[in-house]
Amino acid sequence: MVKELELSTNERELIISGLKEGIRLDGRGIDDFRSLKITLGPEYGRSEVKLGATKVLAKVSCEVARPYPERPNEGILTLNTELSPMAFTGLEPGRPSEEEVLVSRILEKAIKINRAVDVEGLCIVANELAWSIHVDVHFLDNDGNIIDAACIAAISALSHFRRPDVTVIGEDVTIVFFIISNSKHPVDQRNPVPLSIHHTPICVTFAFFENGDLWVVDPSLKEEQIRRGDMIMAINNHKEICVLSKAGGIPLEMHTIIQCSKLAASKVDWVRERIHAALVNAAEMEKR
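Going by full-length UniProt numbering, the sequence shown opens with residue 1, and the numbers climb by one from there.
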């Protein structure tokens with residue numbers, strides 16, 4: 001368990017009284033996200049996300065491996081999370097915390113189990129060779145809502161990643177590795193290949209207070225410290241709910257869940273627009 005500094009009674013009462021008036025400590029409304037900045041590059045598959053003061057770095061890499069025997073026609077997708085003691089006060093090194101386990105499970109459900117990435121397209125030779133894609137998520141600064149930031153970082157990094165091209169002729173497999181000679185243009189016989197992504201699930205986190213009538217989206221660290229419960233929804237570009245996670249806390253009314261799902265769908269569109277803008281900007285920078 002990551003231990004954070006406890007808030008004083010005055011701070012708690014100030015936050016709750018503000019929420020009752022529809023005002024948060026940082027000036028946002030209850031249904032507002034913090035500022036979101038997505039920086040891609042300089043190498044393929046590197047994404048740095050700043051959600052308010054929360055900062056997450058995701059890096060995607062690949063290697064050729066043997067596919068799993070039970071899935072001989074599929075590649076491998078692995079997601080790893082790493083919490084830094086610099087970002088999380090009281091973190092015990094070498095031991096996964098509850099937060100790290102929760103983030104890892106949500107990302108696994110949203111991206112891997114829901115098959116956001118086409119793993120069949122990663123197969124090179126059935127039963128013999130396949131691409132193994134690794135997504136490493138590093139948490140650099142924590143000011144609350146690390147799950148949403150991690151999901152945005154992982155999805156944007158996967159969307160930006162390019163793998164080497166492969167040619168298979170008979171039993172001969174040729175892998176064309178590419179080298180970035182400078183920031184202006186790649187030197188290679190062939191262009192690197194983007195991953196085939198079926199859909200893009202984005203997480204939206206809600207925090208609930210008192211008896212559940214008070215709630216906010218994208219909770220800050222201080223809001224997380226006094227919440228009575230939370231709920232995480234992952235919604236893709238087809239408006240499908242890929243994940244709905246509520247690990248304990250106060251019970252919620254059905255109308256509250258429906259209201260949150262409608263808001264989450266609109267926030268996912270907002271986030272996806274910013275991911276698309278970051279991808280376009282990265283492509284333009286690459287051409288220069």
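No residue lacks a Cβ here, since even glycine has one placed at the ideal position from N, Cα and C.
How should residue i be labelled, buried or exposed, when 16 other C-beta atoms within 10 angstroms of its C-beta is the threshold for buried?
i           : result
residue 48  : buried
residue 25  : exposed
residue 159 : buried
residue 202 : buried
residue 270 : exposed
residue 80  : exposed
residue 219 : buried
residue 254 : exposed
residue 69  : exposed
residue 223 : buried
residue 213 : exposed
residue 258 : exposed
residue 187 : Because the pLDDT at residue 187 is just 41, under 50, the model does not fix this residue reliably, and the value given afterwards should be weighed accordingly. Exposed, by the Cβ-count rule.
residue 153 : buried
So residue i is in the alpha helix (DSSP H); what residue range does that whole segment cover?
i           : result
residue 274 : 254-287
residue 38  : That residue, residue 38, is in no alpha helix (DSSP H); its beta strand (DSSP E) goes 36-40.
residue 241 : Taken as a continuous stretch (DSSP letters only), residue 241 belongs to no alpha helix (DSSP H), being part of the beta strand (DSSP E) at 241-245.
residue 107 : 98-107
residue 222 : 221-226
residue 160 : 146-160
I believe residue i touches residue j by the beta-carbon criterion, under 8 Å. Please report the beta-carbon distance rounded to the nearest angstrom.
i           : j           : result
residue 235 : residue 204 : 7 Å
residue 157 : residue 46  : 6 Å
residue 226 : residue 15  : 6 Å
residue 65  : residue 132 : 4 Å
residue 230 : residue 208 : 7 Å
residue 38  : residue 274 : 6 Å
Can you name, in chain order, every residue of its own chain whose Cβ lies under 7 Å from the Cβ of residue i, other than the five neighbours on each side?
i           : result
residue 114 : 201, 242
residue 121 : 196
residue 12  : 226
residue 29  : 22
residue 7   : 222, 225, 226
Give the single residue among the options whose Cα lies nearest to the Cα of residue i.
i           : options            : result
residue 84  : 140, 270, 19       : 140
residue 194 : 79, 216, 99, 279   : 279
residue 143 : 27, 54, 12, 268    : 54
residue 106 : 275, 265, 245, 264 : 245
residue 78  : 111, 210, 99       : 111
residue 138 : 87, 116, 163       : 87
residue 36  : 27, 232, 56, 42    : 56
residue 264 : 282, 27, 215       : 215
residue 146 : 277, 101, 288, 256 : 101
residue 123 : 148, 212, 20, 166  : 166
residue 238 : 266, 257, 248, 252 : 266
residue 150 : 130, 119, 108      : 108
residue 192 : 50, 286, 32, 262   : 286
residue 248 : 217, 256, 228, 262 : 228
Name the two residues that bound the continuous beta strand (DSSP E) containing residue i.
i           : result
residue 18  : Note, residue 18: premise wrong, no beta strand (DSSP E); alpha helix (DSSP H) at 9-20.
residue 76  : 76-83
residue 138 : 129-141
residue 205 : 202-209
residue 119 : Premise fails: residue 119 is in no beta strand (DSSP E) and is neither H nor E.
residue 47  : 46-51
residue 235 : 229-235
residue 112 : Looking at the DSSP string, residue 112 is not in any beta strand (DSSP E), and its letter there is neither H nor E.
If I measure Cβ to Cβ from residue i and keep anything under 6 Å in the same chain, skipping five residues before and after, which residues do I get?
i           : result
residue 260 : 206
residue 9   : none
residue 221 : 143, 144
residue 136 : 59, 80
residue 127 : 72
residue 104 : 81
residue 52  : 34, 143
residue 268 : 202, 235
residue 155 : 200
residue 62  : 131, 133, 163
Between residue i and the rest of its own chain, which residues show a CB-CB distance below 8 Å, the 5 nearest in sequence each way excluded?
i           : result
residue 117 : 77, 111, 133, 158, 195, 196, 197, 198
residue 284 : none
residue 282 : 40, 41, 160
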